[in-house]
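Residue numbers (the UniProt record's numbering), protein chains in the order written: chain A, 1 to 290; chain B, 1 to 328.
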Amino acid sequence: MTTATLSSATRSSQRSRVIRNVLRRPSAATAAGFVAVLVLFAVFGPLISPHDPDAQDLGNRFAELSWSHLLGTDEFGRDVASRIIQASRIALVAPLISVGVALLIGLPFGLWAGLRRGVVDAVAGRLADTVLSLPAMVGALAILAVLGPGLVNAMVAIGIIFAPGLFRVVRGATLAVAEETFVHSAVAIGSPTRRTLWVHILPNIAAPLLVQVTILMGVALLAEASLSFIGLGVQPPDASWGSMLKAAYTNQFDAPYSVVPPGIAMVLTVLAFNTIGDAIRDAVGLRRGI
Amino acid sequence: MTLLSVEGLTIDLPGRQPGLVEDVSFQVSEGRSTALIGESGCGKTLTSMSILGLLPAAVRVTAGSVWFDGVDLLTCTPRQLRRIRGGPVGMVFQEPMSSLNPTMTVGDQIAEARRLHLGERRGAALARARELLERVGIPNAARRIGAYPHEMSGGMQQRVMIAAAIACEPKLVIADEPTTALDVTIQAEILALLRDLQRDLDLAVLLVTHDLGVVADFCDEVVVMYAGHIAERTTVDRLFYDPGHPYSSALLAAVPQSGQARSRLTVIPGRVPSAGGFPAGCRFEPRCAHAVEHCREPQPDALLGEGHRTRCGRVASGDLTLKGAGRG
């Protein structure tokens with residue numbers, strides 16, 4: 001019993017070492033702080049936001065920045081700051097759905113194809129080629145045409161588009177790790193294929209996988225914004241940074257600065273995801289190098 | 001009692017003739033150790049890997065059988081094979097530094113076999129792993145159990161590998177050049193450990209090596225492989241005092257002797273032919289110092305005496321007597 005607690009203590013200290021390594025870099029710490037604020041907004045949005053994000057005030061359209069409306073109001077007189085906060089929930093959930101769907105498809109097939117090669121590899125590889133050869137947006141639109149518009153459907157479509165790329169990354173990394181002697185020795189100890197994949201190979205491809213996942217989070221956010229921009233993602237009255245940009249674009253002569261709040265929120269969020277991805281890669285690589 | 005019996009094992013790379021390993025037969029008895037020796041590229045490792053079905057996907061076993069405890073391992077289902085791997089048959093690999101999963105503690109890796117085969121819970125398996133670490137001579141086992149492989153030296157990692165291989169009290173351990181990647185002093189310690197374990201646990205060991213010193217130290221029987229064939233099969237004493245194949249005696253002559261400073265190192269000219277380029281007759285004939293015209297014809301496997309077989313026709317017919325080296 002004591003040994004078990006001892007080893008799990010060592011293990012958790014190992015994990016916290018990676019986290020410390022990530023947070024030691026000022027850029028990564030800032031990015032993580034930004035994402036943390038975003039999470040707070042997403043969770044406690046209704047409590048924090050100064051106004052009801054859906055409350056219209058048609059007498060007060062396109063209001064300037066002021067203490068009562070920190071970022072002004074939009075074409076229906078709704079408080080922009082509150083809508084940005086409301087949309088942060090979608091900004092976090094939407095990429096999670098896409099990346100989740102991509103992982104659900106790409107990870108198991110990638111692991112299997114990388115370890116076993118053979119027919120699964122050949123078929124999945126050609127299928128991935130096919131999807132990758134389509135322009136991503138056109139593919140997503142085609143899938144949306146089948147599923148119908150809406151945030152969840154849009155993100156699932158994007159996830160399906162992401163899956164082949166993730167499959168490639170996972171397969172390639174698995175291919176390299178599968179040649180390592182410790183994988184053979186795990187098999188020689190009687191480890192079944194599924195256990196070999198999840199326990200012995202997955203942790204050893206975690207670094208490239210994490211980097212890919214964080215980058216995909218950023219790309220998914222942009223894709224969500226694009227689909228919402230053309231009206232296939234978030235449906236009114238819900239706010240997404242993409243749909244807010246669309247509104248800002250429509251009203252650019254009445255309120256030219258209104259592209260700024262959602263635009264900046266989006267840029268910073270994508271930047272934060274990517275910065276964290278880079279830091280994780282470096283921290284894990286650093287640890288492996290010792 | 002014979003524990004492992006390899007019969008007529010032939011391993012092919014589809015599309016290439018002849019096979020990488022052809023018609024290999026040998027036995028490993030309970031509690032005894034058998035060496036599989038030969039130069040690199042002779043098929044030793046392929047032969048040992050095929051026993052547990054660990055061959056690379058591109059190569060196939062096309063003939064023969066591997067009997068272990070009354071079961072033909074080559075006809076086992078993957079599930080049956082999994083029960084044998086790490087259970088009654090343990091395996092130790094060549095390079096300890098890459099044989100351990102860098103993301104798992106050594107305790108968990110040793111415990112893994114017990115959890116898989118005996119269904120033990122993690123706590124119990126880890127407690128047993130600590131005992132095993134002590135058994136293989138790692139000091140401070142209680143603390144080491146939570147260590148990661150990179151925190152250990154190569155010799156310690158190999159001890160961990162051995163602990164994992166014997167975790168489920170196997171009857172047979174296959175060790176593929178377990179000491180090649182280690183320092184000479186550590187090699188001796190690891191061999192001493194293996195010998196202790198063999199005696200205490202009544203293990204049979206199949207040792208793949210190209211180090212004749214290890215063979216002399218450790219083994220009872222020896223299988224000499226050359227270019228995918230068995231050149232000679234005999235006891236270690238017979239091999240050293242009365243070798244039955246020119247290849248064996250050439251290997252013995254190539255071992256540097258102490259007390260002979262400034263003498264020329266004896267070598268075997270040429271190199272092992274690669275599969276597909278094997279000579280039609282005796283495969284060693286192009287490099288053999290004793291070759292005659294007759295050697296260009298296929299050589300049958302001949303019995304020289306009790307448990308002593310050779311593939312050299314000249315030795316079998318009494319035409320040629322080879323000099324042994326002793327156990328110098």
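Virtual Cβ for every residue (Gly too), placed ideally from N, Cα, C. These numbers were taken from a predicted model, which means no experiment stands behind them.
Secondary structure of Ala265/A, DSSP reduced to three states: helix
Would you mind telling me which residues of chain A sit closer than 9 angstroms to Glu95/B, beta carbon to beta carbon, in chain order? Thr181
On the criterion of 16 or more Cβ atoms from any shown chain inside 10 Å, does Arg32/B qualify as buried, or is it exposed? buried
Taking 8 angstroms as the limit between beta carbons, can you name the residues of its chain near Asp242/B, skipping five residues before and five after? Leu322, Gly324
Counted within 10 angstroms of its Cβ, other Cβ atoms place Met217/A as buried (16 or more) or exposed: buried
Could you tell me whether the Cβ of Ala186/A comes closer than 8 angstroms to any Cβ of chain B? yes
Measuring alpha carbon to alpha carbon, tell me which residue in Leu209/A, Phe109/A, Ala142/A is nearest Leu122/A. It should be pointed out that residue 122/A corresponds to Ala in this sequence rather than to Leu. Closest by alpha carbon: Phe109/A.
Whole-angstrom C-beta distance between Leu36/B and Val223/B, which should lie under 8 angstroms: 5 angstroms
My understanding is that Ala167/B touches Arg114/B, with C-beta atoms under 8 angstroms, so please give their C-beta distance in whole angstroms. 5 angstroms
Contact between the segment 288-298 of chain B and the segment 307-316 of chain B: three or more CB pairs below 8 angstroms? yes
Let's test the definition: count the other Cβ atoms within 10 Å of the Cβ of Leu134/A and tell me whether it reaches 16, buried, or not, exposed. exposed
Nearest candidate by alpha-carbon position, reference Glu169/B, set Pro88/B, Arg83/B, Pro139/B: Pro88/B
Ranges of the alpha helix (DSSP H) found wholly within the segment 132-193 of chain A, counting only runs of at least 4: 136-147, 151-178, 181-188
Own chain, CB closer than 7 angstroms to Ala128/A, minus 5 neighbours either side, in chain order: Pro164, Phe167, Arg168
For chain A, is any of its Cβ atoms less than 8 angstroms away from the one on Glu177/B? no
In chain A, which residues lie less than 9 angstroms from Leu116/B when you measure between Cβ atoms? Ile189, Gly190, Ser191, Pro192, Arg195
Whole angstroms is fine: what's the gap from Pro262/A's alpha carbon to Gln212/A's? 25 angstroms
Cβ-Cβ distance between Ile82/A and Leu38/A below 8 angstroms: It should be pointed out that residue 82/A corresponds to Ser in this sequence rather than to Ile. It is not a contact, given that the beta carbons lie outside the stated cut-off.
Residue closest to Arg199/B, alpha-carbon to alpha-carbon, out of Thr179/B, Asp220/B, Val21/B, Val184/B: Asp220/B
How about Ala255/A and Phe34/A: are their beta carbons less than 8 angstroms apart? no
Our contact map puts Gly159/A next to Gly100/A with C-beta atoms below 8 angstroms; I'd like the distance itself, whole angstroms only. 7 angstroms
Identify the contact partners of Arg271/B in chain D, using a Cβ-Cβ distance below 8 angstroms as the criterion. Structure shown: chain D not included; protein chains present are A and B.
Kindly indicate which three-state DSSP category Glu7/B falls into: helix, strand or coil? strand
Assuming Ser99/B and Met161/B are in contact, meaning their beta carbons sit under 8 angstroms apart, how far apart are those beta carbons, in whole angstroms? 5 angstroms
Hey, how far is the Cα of Gly259/B from the Cα of Val184/B? 19 angstroms
List, in chain order, every chain B residue whose beta-carbon is nearer than 7 angstroms to that of Pro203/A. Thr103
Where Tyr226/B falls: helix, strand or coil (DSSP): strand
Please list the partners that Arg85/B has in chain A, where partner means a Cβ-to-Cβ separation under 9 angstroms. Val187, Ala188, Ile189, Gly190, Ser191
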